[in-house]
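Structure record follows, encoded as structure tokens.
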Amino acid sequence: RSWLDECLDQHEECPKNLSSILPTRVLDLGLSNAGSDRTVKLHNSCGGQGSYVALSYCWGGPQFMTVKANVVESYEGLPIHRLAKSIQDAIFVTRQLGIRYLWVDALCIIQDCLEDKYREIGKMSSIYKNATLTISVARSKTCHDGFLHDNEELKTWLRRAYRLQCRLPEDLGNIYLAERSKLKSKKEPIDLRTWTLQESWLSPRLLIYSSSHLLWRCLSATAGDGTCTPCSPTLTRSDSEFEEGHLFHTNFHLQWNDLVHEATSRNLSVDSDKLPALSGIATELASRNDDVYLAGLWKSNLISGLLWCQGSRWCMSSSSIPASKPAVSRAPTWSWVSVNGSVDLNNAATRHATQSCVHTCEISLASAETPFGEVKGGVLDITAPIKR
Numbered sequence: 001r002s003w004l005d006e007c008l009d010q011h012e013e014c015p016k017n018l019s020s021i022l023p024t025r026v027l028d029l030g031l032s033n034a035g036s037d038r039t040v041k042l043h044n045s046c047g048g049q050g051s052y053v054a055l056s057y058c059w060g061g062p063q064f065m066t067v068k069a070n071v072v073e074s075y076e077g078l079p080i081h082r083l084a085k086s087i088q089d090a091i092f093v094t095r096q097l098g099i100r101y102l103w104v105d106a107l108c109i110i111q112d113c114l115e116d117k118y119r120e121i122g123k124m125s126s127i128y129k130n131a132t133l134t135i136s137v138a139r140s141k142t143c144h145d146g147f148l149h150d151n152e153e154l155k156t157w158l159r160r161a162y163r164l165q166c167r168l169p170e171d172l173g174n175i176y177l178a179e180r181s182k183l184k185s186k187k188e189p190i191d192l193r194t195w196t197l198q199e200s201w202l203s204p205r206l207l208i209y210s211s212s213h214l215l216w217r218c219l220s221a222t223a224g225d226g227t228c229t230p231c232s233p234t235l236t237r238s239d240s241e242f243e244e245g246h247l248f249h250t251n252f253h254l255q256w257n258d259l260v261h262e263a264t265s266r267n268l269s270v271d272s273d274k275l276p277a278l279s280g281i282a283t284e285l286a287s288r289n290d291d292v293y294l295a296g297l298w299k300s301n302l303i304s305g306l307l308w309c310q311g312s313r314w315c316m317s318s319s320s321i322p323a324s325k326p327a328v329s330r331a332p333t334w335s336w337v338s339v340n341g342s343v344d345l346n347n348a349a350t351r352h353a354t355q356s357c358v359h360t361c362e363i364s365l366a367s368a369e370t371p372f373g374e375v376k377g378g379v380l381d382i383t384a385p386i387k388r
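Position 216 of the sequence shown, counted from 1, bears residue number 216 in full-length UniProt numbering, the numbering being contiguous throughout.
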């Protein structure tokens, strides 16, 4: 709570969204003194305003979710014990922060209503961007694991480290020393999922429950809970071209290329989610750069965008492996979205790009509700040299 207060009070670069337009539905956790309540309610916001927390986590299998058959029951009240453990823990943390509302995709989107899913996925950018805080459950492989239990990995590391006692102003403390190699630098479970990539990027504030410690990250600062701090991909956005807070301020084509490579290197449970899982960031980039989005590519950089390949980062020999196709087509064949697996977009056009000309490029959307989501097809008319 002290990290959040400091950010809201002192960080000029961070948004002061103490109250914003709520998502279509949120979980109403009750008033601040309702921490012991054993039920929560699904709340239809009707465009109202308030502070809310968003949750970013790995599903990892079946869980209780909102569907047409139980949506009325959910509005009347949900026993917390019926919810997945990670959601239960998120409810507890949100109440401790004194925030009344919590947004969780499994509960706030009607999962068996295609129209509702299209509409809410189209709002993903604003949902995470306008949240007061996003809880990132980095360390848990499934929604049933929770994240407030004892951290066994940290305990193991501390047992192997050398402990030095130190005197603090009012007490004694400990400093733990160990070889860097002893402290694992690894990808967290949340780093392996495609959907969670945009959830992290769009959130102005993240409270990250990692395998080794608790971390705060906002646009102005990073703070830890005093335990060890490994260089996990979850904990920094500044590796390679991913510079903290600069996604929307530098050459966005280069940033998009890196983001596509990262996203396609992760796991996706549903084939058709490839575009929706990046729709939030695409929405932001389009609005900030006045550009047109074309099934994963950008109109202002279309020639270079067509020079994608499957496989290694720099399209070396391994990239010549034939691309595997999804069972059901999800994009025109000239888009990287049409193939499975990791892809790389060239960061610079070849000399042939200046000899190429796009005459027509049109996309047929799966739903008008999601201009940055699924597509049914597309047409591209282009004149360009042919390599013989």
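Positions of the beta carbon are idealized from the N, C-alpha and C atoms, including for glycine.
According to the neighbour-count rule (16 or more other Cβ atoms, all chains shown, within 10 Å of its Cβ), is Pro385 buried or exposed? Residue 385 sits at position 385 when you count from the first residue of the sequence shown. It counts as exposed.
As assigned by DSSP and simplified to three states, the class of Cys46: Taking the first residue of the sequence shown as position 1, residue 46 is located at position 46. Note: Cys46 maps to coil in three-state DSSP.
Under three-state DSSP, which class holds Cys361? For the purposes of this step, residue 361 is taken as the residue at position 361 of the sequence shown. The answer is strand: DSSP assigns Cys361 an E or B state.
Enumerate in chain order the residues of its own chain whose CB-to-CB distance from Trp195 is below 8 Å, with the five nearest sequence positions on each side excluded. Along the sequence shown, one-based indexing puts residue 195 at 195. Cβ within range, chain order: Leu268, Asp273 and Ala277.
Find out if the Cβ-Cβ distance for the pair Leu219, Gly373 is shorter than 8 Å. In the sequence shown, counting from the first residue as 1, residue 219 sits at position 219. In the sequence shown, counting from the first residue as 1, residue 373 sits at position 373. Taking 8 Å as the Cβ cut-off, Leu219 and Gly373 do not qualify as a contacting pair.
Where does Thr132 fall in DSSP's three states? As a working note, residue 132 is residue 132 in the sequence shown. Of the three classes helix, strand and coil, the one that applies to Thr132 here is coil, per DSSP.
Express the C-alpha separation of Thr360 and Val104 in angstroms, rounding to a whole number. If you number the sequence shown from 1, residue 104 lands on position 104. If you number the sequence shown from 1, residue 360 lands on position 360. So the alpha carbons of these two residues sit roughly 40 Å apart.
Alpha carbon to alpha carbon, how far is Ser364 from Asp344? Give it in angstroms, no decimals. For this step, residue 344 is matched to residue 344 along the sequence shown. For this step, residue 364 is matched to residue 364 along the sequence shown. The alpha-carbon atoms of Asp344 and Ser364 are separated by roughly 24 Å.
Run through DSSP, which three-state label would Lys117 get? By 1-based counting over the sequence shown, the position of residue 117 is 117. Three-state DSSP puts Lys117 in a helix.
Assign Ile321 to one of three DSSP states: helix, strand, or coil. The residue labelled residue 321 in the question sits at position 321 within the sequence shown. The pLDDT assigned to Ile321 is 49, lower than 50, so where the model puts this residue is not dependable; a value taken from the coordinates is nonetheless given after this. DSSP places Ile321 in coil when its eight states are reduced to three.
In the DSSP assignment, what residue or residues form a beta bridge with Glu382? By one-based count along the sequence shown, residue 382 stands at place 382. Before going further, note that residue 382 is Ile rather than Glu in the sequence given. Looking at the DSSP assignment, Ile382 forms a beta bridge with Val358.
Could you tell me if Gln255 is buried or exposed, where buried requires 16 or more neighbouring beta carbons within 10 angstroms of its beta carbon? Here residue 255 refers to the residue found at position 255 when the sequence shown is read from its first residue. Label assigned to Gln255: buried.
Under the three-state reduction of DSSP, which class applies to Ser342: helix, strand or coil? As a position in the sequence shown, residue 342 is number 342, starting the count at 1. Correct three-state label for Ser342: coil.
Rounded to whole angstroms, what is the Cα-Cα separation between Leu206 and Gln49? Counting from 1 along the sequence shown, the entry for residue 206 is found at position 206. Counting from 1 along the sequence shown, the entry for residue 49 is found at position 49. Spanning the two alpha carbons is a distance of roughly 21 Å.
Is Gln96 helix, strand or coil when you go by DSSP? In the sequence shown, counting from the first residue as 1, residue 96 sits at position 96. Correct three-state label for Gln96: helix.
Check whether the Cβ atoms of Cys357 and Arg193 lie closer than 8 Å to each other. Here the question's residue 357 lines up with position 357 in the sequence shown. Here the question's residue 193 lines up with position 193 in the sequence shown. No.
So Ile127 and Ser56 are supposed to be a Cβ contact under 8 Å. How far apart are they, rounded? Taking the sequence shown and counting its residues from 1, one reaches residue 127 at position 127. Taking the sequence shown and counting its residues from 1, one reaches residue 56 at position 56. 11 Å between Cβ atoms; not a contact.
Take the Cβ of Arg288 as the centre, count every other Cβ of all protein chains shown within 10 Å, and call the residue buried at 16 or more, exposed below. Here residue 288 refers to the residue found at position 288 of the sequence shown. That one is exposed.
Could you please give me the residues that DSSP links to Trp298 through a beta bridge? Your numbering for residue 298 matches position 298 in the sequence shown. Looking at the DSSP assignment, Trp298 forms a beta bridge with Tyr293.
Is the Cβ-Cβ distance between Val26 and Ser86 less than 8 Å? For the purposes of this step, residue 26 is identified with residue 26 of the sequence shown, where counting begins at 1. For the purposes of this step, residue 86 is identified with residue 86 of the sequence shown, where counting begins at 1. No, the Cβ-Cβ distance between Val26 and Ser86 is not below 8 Å.
Nearest-angstrom Cα separation, counted from Asp116 out to Phe64: The sequence position of residue 64 within the sequence shown is 64, counting from 1. The sequence position of residue 116 within the sequence shown is 116, counting from 1. Approximately 18 Å between the Cα atoms of the pair.
Under 8 Å, do Leu29 and Leu102 count as touching if we go by C-beta distance? Stepping through the sequence shown from its first residue, residue 29 is reached at position 29. Stepping through the sequence shown from its first residue, residue 102 is reached at position 102. Cβ atoms of Leu29 and Leu102: closer than 8 Å.
Measure from the alpha carbon of Pro62 to the alpha carbon of each residue in His144, Pro79, Ser367 and Asn44, then state which is nearest. The residue given as residue 62 occupies position 62 in the sequence shown. Checking every option, the nearest Cα to that of Pro62 belongs to His144.
If I'm right that Ser45 touches Pro23 with Cβ under 8 Å, what's the distance once you round it to whole angstroms? Against the sequence shown, residue 45 aligns to sequence position 45. Against the sequence shown, residue 23 aligns to sequence position 23. With a Cβ gap of about 7 Å, Ser45 and Pro23 count as contacting.
Using the C-alpha atoms, what's the distance from Trp336 back to Ser342? Residue numbering aside, residue 342 sits at position 342 when the sequence shown is read from its first letter. Residue numbering aside, residue 336 sits at position 336 when the sequence shown is read from its first letter. Rounded to whole angstroms, Ser342 to Trp336 spans 9 Å at the Cα level.
Can you tell me whether Ser125 is buried or exposed? The criterion is at least 16 other CB atoms within 10 Å of its CB, across all chains shown. Within the sequence shown, the letter at position 125 stands for residue 125. So Ser125 counts as buried.
Ile175 to Leu168 span [Cα, whole Å]: Residue 175 sits at position 175 when you count from the first residue of the sequence shown. Residue 168 sits at position 168 when you count from the first residue of the sequence shown. Ile175 and Leu168: Cα-Cα distance of roughly 11 Å.
Cα separation between Lys123 and Leu172? As a position in the sequence shown, residue 123 is number 123, starting the count at 1. As a position in the sequence shown, residue 172 is number 172, starting the count at 1. About 49 Å.
Minimum C-alpha distance to Val93 - residue among Ser203, Gly146 and Ser324: Position 93 of the sequence shown, counted from the start, is the residue given in the question as residue 93. It is Gly146 whose Cα lies nearest to the Cα of Val93.
Express the C-alpha separation of Pro326 and Asp191 in angstroms, rounding to a whole number. Counting from 1 along the sequence shown, the entry for residue 191 is found at position 191. Counting from 1 along the sequence shown, the entry for residue 326 is found at position 326. Answer to the nearest angstrom: the Cα atoms are 23 Å apart.
Measure the beta-carbon distance from Thr142 to Gly60 and round it to whole angstroms, keeping in mind my assumption that it falls under 8 Å. As a working mapping, residue 142 is identified with position 142 in the sequence shown. As a working mapping, residue 60 is identified with position 60 in the sequence shown. That pair is a contact at about 3 Å.
Asp273 lies in the alpha helix (DSSP H); which residues open and close that run? Taking the first residue of the sequence shown as position 1, residue 273 is located at position 273. Element bounds for Asp273: n/a, residue is neither H nor E.
In terms of residues, what are the limits of the alpha helix (DSSP H) holding Val72? The sequence position of residue 72 within the sequence shown is 72, counting from 1. Counting along the chain, the alpha helix (DSSP H) containing Val72 begins and ends at Val71 to Glu76.
From the DSSP output, which residues share a beta bridge with Gly224? One-based indexing of the sequence shown puts residue 224 at position 224. DSSP output for Gly224 lists Leu215 as bridge partner(s).
Contacting residues, own chain, Cβ-Cβ under 8 Å from residue 392 (five flanking each side not counted): Not covered by the structure: residue 392. The range shown for the chain is 1 to 388.
Can you tell me the Cβ-Cβ gap for Tyr52 and Ile109, rounded? I've got them flagged as a contact below 8 Å. Along the sequence shown, one-based indexing puts residue 52 at 52. Along the sequence shown, one-based indexing puts residue 109 at 109. That belief does not hold up - the Cβ atoms of Tyr52 and Ile109 are roughly 15 Å apart, past 8 Å.
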